[in-house]
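Working notes for the structure below.
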Amino acid sequence: MTLSNLESLTASLHPLEIAVVNALSGSAETTDAALAEAAGLDGARRDMACGWLVEKGIIECSRESVSHTVALTETGQRYAERGTPEARIITLLQTGSEVTLANLAELLELDQAEAGTAVGTLKKATIVTSGAGGALELVPGADLSAVEAVTGLIATVESAGRLEQSSLSAEQQELLAGLHRKRGKAKGVFRVDERRSRSYLLTRLGMEVAQRVAGRVTGDQLGQLTADLLASGAWKGKAFRRYNIMLKPARVAMGRKHPYRQFLDVVKAKMVAMGFQQMSSSLVQNEFWNNDALFMPQFHPARDIHDAYFVADPKHSRPVEEPFFSNVAAVHANGGGTGSTGWNYTFREMQARRLVLRSQGTADSAHKLAEGPAVPGKYFSIARCFRYDQVDATHAPDFFQVEGIVLGHQINFRTLLGLLQLFARELAKATEVKFLPAYFPFTEPSVEMHARHPRLGWIELGGAGLFRPEVTLPMGVDVPVIAWGLGLDRMAMVALGLHDIRDLFSSDLELVRTMRMPV
Amino acid sequence: MPTITVHQADVEALLGEPFSPDVFEEQLALVKGELDDFDPKSGEIRVELNDTNRPDLWCVEGVVRQIRARRQGRGDVYPFFREGRDTPHELIVDPSVSEVRPFVGACVARGVTVDDTLLAQLIQTQEKVCDVFGRKRRSIAIGIYAAGKLAWPLHYKAVSPTEVRFVPLGMDEPLTLAEIAAMHPKGQQYAPIVADHGRWPLLADNAGTVLSFPPVINSRAVGEVKVGDSELFLEVTGTNLRMVTLVVNILATNMADRGARIEPVRVRYPEATEFGAEVTMPRPIARELRVELDAFTRALGDAVDADEVARELTAYGFSVRADGGAVTVHAPEYRDDLLHTVDVIEDFAIARGYDSFAALMPQEFTVGGLLPIESLADRVREHMVGLGFQEVLSNILVSREELTDHMELHGASLVEVANVMSASYSVLRNAVLPSLLRVERESGKAFYPHQLFEVGEVALPRPDAPMGSETRTQMAALVAHPEANFSELAARLEMLSYYLNVDHTLEPVDHASYIPGRAGRITVGGVSIGLIGELSPEVLGHWGITVPCAAFEVDLSALLPG
Chain F
0 MTLSNLESLT
10 ASLHPLEIAV
20 VNALSGSAET
30 TDAALAEAAG
40 LDGARRDMAC
50 GWLVEKGIIE
60 CSRESVSHTV
70 ALTETGQRYA
80 ERGTPEARII
90 TLLQTGSEVT
100 LANLAELLEL
110 DQAEAGTAVG
120 TLKKATIVTS
130 GAGGALELVP
140 GADLSAVEAV
150 TGLIATVESA
160 GRLEQSSLSA
170 EQQELLAGLH
180 RKRGKAKGVF
190 RVDERRSRSY
200 LLTRLGMEVA
210 QRVAGRVTGD
220 QLGQLTADLL
230 ASGAWKGKAF
240 RRYNIMLKPA
250 RVAMGRKHPY
260 RQFLDVVKAK
270 MVAMGFQQMS
280 SSLVQNEFWN
290 NDALFMPQFH
300 PARDIHDAYF
310 VADPKHSRPV
320 EEPFFSNVAA
330 VHANGGGTGS
340 TGWNYTFREM
350 QARRLVLRSQ
360 GTADSAHKLA
370 EGPAVPGKYF
380 SIARCFRYDQ
390 VDATHAPDFF
400 QVEGIVLGHQ
410 INFRTLLGLL
420 QLFARELAKA
430 TEVKFLPAYF
440 PFTEPSVEMH
450 ARHPRLGWIE
460 LGGAGLFRPE
470 VTLPMGVDVP
480 VIAWGLGLDR
490 MAMVALGLHD
500 IRDLFSSDLE
510 LVRTMRMPV
Chain P
0 MPTITVHQAD
10 VEALLGEPFS
20 PDVFEEQLAL
30 VKGELDDFDP
40 KSGEIRVELN
50 DTNRPDLWCV
60 EGVVRQIRAR
70 RQGRGDVYPF
80 FREGRDTPHE
90 LIVDPSVSEV
100 RPFVGACVAR
110 GVTVDDTLLA
120 QLIQTQEKVC
130 DVFGRKRRSI
140 AIGIYAAGKL
150 AWPLHYKAVS
160 PTEVRFVPLG
170 MDEPLTLAEI
180 AAMHPKGQQY
190 APIVADHGRW
200 PLLADNAGTV
210 LSFPPVINSR
220 AVGEVKVGDS
230 ELFLEVTGTN
240 LRMVTLVVNI
250 LATNMADRGA
260 RIEPVRVRYP
270 EATEFGAEVT
280 MPRPIARELR
290 VELDAFTRAL
300 GDAVDADEVA
310 RELTAYGFSV
320 RADGGAVTVH
330 APEYRDDLLH
340 TVDVIEDFAI
350 ARGYDSFAAL
360 MPQEFTVGGL
370 LPIESLADRV
380 REHMVGLGFQ
390 EVLSNILVSR
400 EELTDHMELH
410 GASLVEVANV
420 MSASYSVLRN
430 AVLPSLLRVE
440 RESGKAFYPH
450 QLFEVGEVAL
460 PRPDAPMGSE
470 TRTQMAALVA
480 HPEANFSELA
490 ARLEMLSYYL
500 NVDHTLEPVD
510 HASYIPGRAG
520 RITVGGVSIG
530 LIGELSPEVL
540 GHWGITVPCA
550 AFEVDLSALL
560 PG
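For the protein sequence lines, the chains are F and P, in the order given. Counting along the first sequence from 1, when you hit position 496 you're at 495 in numbering that gives the first Met the number 0, and nothing is skipped either side. Counting along the second sequence from 1, when you hit position 417 you're at 416 in numbering that gives the first Met the number 0, and nothing is skipped either side.
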């Protein structure tokens, strides 16, 4: 260590550290108890200062020992005041009272278990026997030394308050071990505590530091600048203690938005910036808005019991509003004058009214079409959706879908591609995109967009299409409508360094606190 | 969405050119397919097909057929779709099937010897079509037989479940239909489709030999196709004649693509169907569609002419007639997915290639904006963060226990799922606070203090609401640390109210989740919008939380005007 480093190390010492270094200098190994006294510190401050100094290599822990101290428990304290149950039983019997196991507890105000244990001990030591009718009797000439030894030990510990176990005689230690063990923790007479004691030494570096510290009054250096110091001007002519500014500071629990929510906030802001109005609908939908209005036939495989969550009670919604119900029923049955053949089956009202947990965000778009959207108009929703899937690393019990529609006289396949390109640029910073034919029951033509993300490479960013006339006309909308949906979960997961979709909704606060977005 | 496994050699044989994974992957755009996997060692290719309306594409023959048409500039011609052909093969339908499974169709394929590849592909096609298009055989089931053993005509009828015995595939003993339903694995799986009916379907030949018990199982005698067979009888039963015909057409086309000679089967129905009383299959089903050229231009945004449209659609397998300002198209007979002219327009776009369309930015001006509840929620979130709270985000499909017993709120009415997959995800949450308590339970090791909040949707049962429940947006906040208490949180709520410009009052309330005397009802303008309090030791105990917690929850929806 260079001289200047040594100087600055010395200068940066905390007053507590200086006190400890002073207390250690000149002496050899010092126990922590002695150190606390010499430095005038309580145990907690001493340990804190020693911890810092060990870290800096100024002192070292030269010895660590474990000792045991003995004290009375509450029970022990009571026995010290009133006598042990064994001693009190002997005294009671010596007065000639009629005593049985049954009335003993009451006579001596003991609890039943305590009384029973004491009588058992006395019988085993052949001090007491049971006579006729269960009456307890003293054995004449019995040896009472064992009982007296316990009383003696209790008195010894009581007068000392707390004493080192090692200071007891061998017999006393044996007796202590027996009582400690036999009585268990709660009802024990003695409490034995383990104490760790450390001894410290200055290191070679520490000795050099100590030389520089020696004789210096710690009060010469100022610690925290205070309002009083400022007011009195007492800081003048004094030096401020130098801090070790390279210590890693403590963590702070700061207020913060959830990182996935924050990601969705960005999406939201982008949507609004691109001219989209937010829309929403309820978590519980009937199949009419969830599927029928989207021209998914009631016998469609994806409408199976195995794909959506159905509501237990009530099972059905109120009747679906007209003219939407009749229009959609006709479109399914025979095309309903939309130029379509329809699906050619009998549309069932009760199935249309069956309640489900929203399985696709497009349900929100269907409601919007029926509400009479603006033309031209752009809408988006961030909808919580539910699918009947085994929950695993790629399936959360519920998840968000970012979906929407665009209505206008200019809407066609080419403007659809333009919109998707805009999304790719705004949401994934991707200028390179690929469009592939896709299938969705409610759009034709349908397209799937892959985009080259600057960090993730090619990703499937979303699906879109032009709503079929079978979807728009029954809702009274007669302009072309783009329907689009974006798959943003994967982008969010990669950005957050997650590999399990369930972590987006984690209940682990440590994980939530440590997740962060790259700049 | 079906995924099929096909073989490189088979693809090359059907396509008539060498296979290249890159080229094949691009060609799959024509069938809305994705190349999932290609193993150059085994030559095994896995393809996912996305169009649930085109069962003709869920097999190697169909995928290659679409690619081949593109290569050739036109689709292949299949002469067996001509109407009015005569055939020696007849299948007689008995009136007894009309209730249980009314329709059947069939054809015979000769001249192709079954090898391992063909057998595997036949079985795969049968499975994919029956599972997805046929809704697990409910609306379509397929049977394939060695045709050489059959005594014509065949008979399709319904019989009592105990009347007829035969040896089904996979068994050695003759069993009645009822016994098959009870004991045979396929019976247990598929007999429920017909079990509600008194009489069940049976297909037999003129000598009384049973072919099968549709839609359940074939007989071992004639219903087991083996490598080396070269005469196949293919049969389809179902609940809809168009669907049955379509599947017969697909199977016949597939066999023809492999070089088979297709012999039609005349099905005699007891009464007239939409195709008449006598239906000879395969048969044409496609409708002609007339599409204005303007409709292409309007939908696609590019001006098109009749030549281009005719050229591209022909190369996609259509027969096309240009007709003034319109084209009239006739789809190939193995397709029945054209419901509207938009379907033809999409096929044109796919045939021409999506990358041939230049993207055009939508120009119409619109004003963006958030819903009032979203703006309010965002403001609340800002304030909560300012107050030092960490936002969390939870799943809202939860367990009943967490919302009721854990909160000391027994028997609360909830939006509950009927088809529960796991009790952990069986009800929609009716409050946000339990989600925060779940975080606290999982996070005893995260350093304290914990100050949590979440803004999110909850569902409340409302019998008179259109959907039987109402979705509302609520916010809950929780503090957990050794000294967490009511006043600490009440002070935060006070600040939040102040900055939202809301005047709230607290009224003492007894609530089972909170310590008596330390809970309040939050009211604004006389309307209750939430609760605040110290959570009771019982509640903390149910959750297994070992530090004191104070919390409040407010219904943000109630703060919006109207």
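Every residue gets a Cβ at the ideal spot worked out from N, C-alpha and C, and that includes glycine.
Short Cβ contact (7 Å threshold) for residue i with residue j
i, j, result
"Ala-108(P)", "Met-280(P)", "no"
"Asp-507(F)", "Glu-390(P)", "no"
"Val-99(P)", "Pro-200(P)", "yes"
"Pro-467(P)", "Pro-313(F)", "According to the sequence shown, residue 467(P) is Gly rather than Pro. Yes, they are a contact pair."
"Gln-420(F)", "Ala-358(P)", "yes"
"Thr-99(F)", "Ala-134(F)", "yes"
"Arg-413(F)", "Ala-429(F)", "no"
"Leu-201(F)", "Leu-23(F)", "yes"
"Leu-477(P)", "Leu-451(P)", "yes"
"Gly-360(F)", "Ser-339(F)", "no"
"Val-538(P)", "Ala-475(P)", "no"
"Val-246(P)", "Leu-90(P)", "no"
"Pro-440(F)", "Met-295(F)", "yes"
"Ser-97(P)", "Arg-198(P)", "no"
"Ala-177(P)", "Pro-160(P)", "yes"
"Pro-479(F)", "Leu-495(F)", "no"
One or two residues paired with residue i in a DSSP bridge
i, result
"Pro-436(F)", "Val-446(F)"
"Lys-237(F)", "The partner list for Lys-237(F) (beta bridge, DSSP) is empty, contrary to what the question assumes."
"Phe-346(F)", "Note: Phe-346(F) sits in no beta bridge, so no partner."
"Glu-291(P)", "Ala-325(P)"
"Arg-260(P)", "Arg-109(P)"
"Ser-377(F)", "Note on identity: in this sequence residue 377(F) is Lys, with Ser being the wrong assignment. The partner list for Lys-377(F) (beta bridge, DSSP) reads Val-405(F)."
"Gly-237(P)", "Phe-102(P), Ile-139(P)"
"Tyr-155(P)", "Val-92(P), Leu-202(P)"
"Arg-197(F)", "Glu-63(F)"
For residue i, the first and last residue of its enclosing beta strand (DSSP E)
i, result
"Val-384(P)", "Here Val-384(P) belongs to no beta strand (DSSP E); instead the alpha helix (DSSP H) covers 371-385."
"Ile-517(P)", "Note on identity: in this sequence residue 517(P) is Arg, with Ile being the wrong assignment. Unbroken beta strand (DSSP E) run through Arg-517(P): 513-523."
"Gly-316(P)", "Segment: none, Gly-316(P) is in no beta strand (DSSP E) and carries neither H nor E."
"Ala-209(P)", "In the sequence as displayed, the identity of residue 209(P) is Val instead of Ala. First-last of the beta strand (DSSP E) with Val-209(P): 209-212."
"Val-5(P)", "2-6"
"Arg-428(P)", "Here Arg-428(P) belongs to no beta strand (DSSP E), and DSSP marks it neither H nor E."
"Met-295(F)", "It is not in any beta strand (DSSP E) - Met-295(F) carries neither H nor E in the DSSP assignment."
Rounded distance between the beta-carbons of residue j and residue i, thought under 8 Å
i, j, result
"Lys-185(P)", "Ile-143(P)", "Actually they are not in contact, since the Cβ atoms of Lys-185(P) and Ile-143(P) sit about 15 Å apart, beyond 8 Å."
"Val-426(P)", "Val-397(P)", "6 Å"
"Gly-561(P)", "Gln-277(F)", "That belief does not hold up - the Cβ atoms of Gly-561(P) and Gln-277(F) are roughly 17 Å apart, past 8 Å."
"Tyr-242(F)", "Ser-11(F)", "6 Å"
"Val-127(F)", "Glu-136(F)", "7 Å"
"Arg-320(P)", "Thr-313(P)", "No, Arg-320(P) and Thr-313(P) are not in contact; Cβ-Cβ is about 10 Å, not under 8 Å."
"Phe-385(F)", "Tyr-308(F)", "5 Å"
"Val-188(F)", "Thr-68(F)", "Not a contact, Cβ separation roughly 15 Å."
"Asp-291(F)", "Ala-351(F)", "5 Å"
Endpoints, the alpha helix (DSSP H) within which residue i is located
i, result
"Trp-288(F)", "286-289"
"Tyr-497(P)", "485-499"
"Asp-346(P)", "340-351"
"Val-22(P)", "20-26"
"Phe-422(F)", "412-427"
Write down every uninterrupted run of the alpha helix (DSSP H) in the region 53-139 of chain F whose length is 4 residues or greater and which is fully enclosed by it, in chain order. 73-81, 84-93, 100-107, 111-123
Any chance you could list the beta strand (DSSP E) runs of at least 3 consecutive residues sitting entirely within the region 218-277 of chain F, in chain order? none
Which whole runs of the beta strand (DSSP E) in the region 33-106 of chain P are 3 residues long or more, in chain order? 43-48, 89-92
Which residue spans inside the region 136-170 of chain F form an unbroken beta strand (DSSP E) run of at least 3? none
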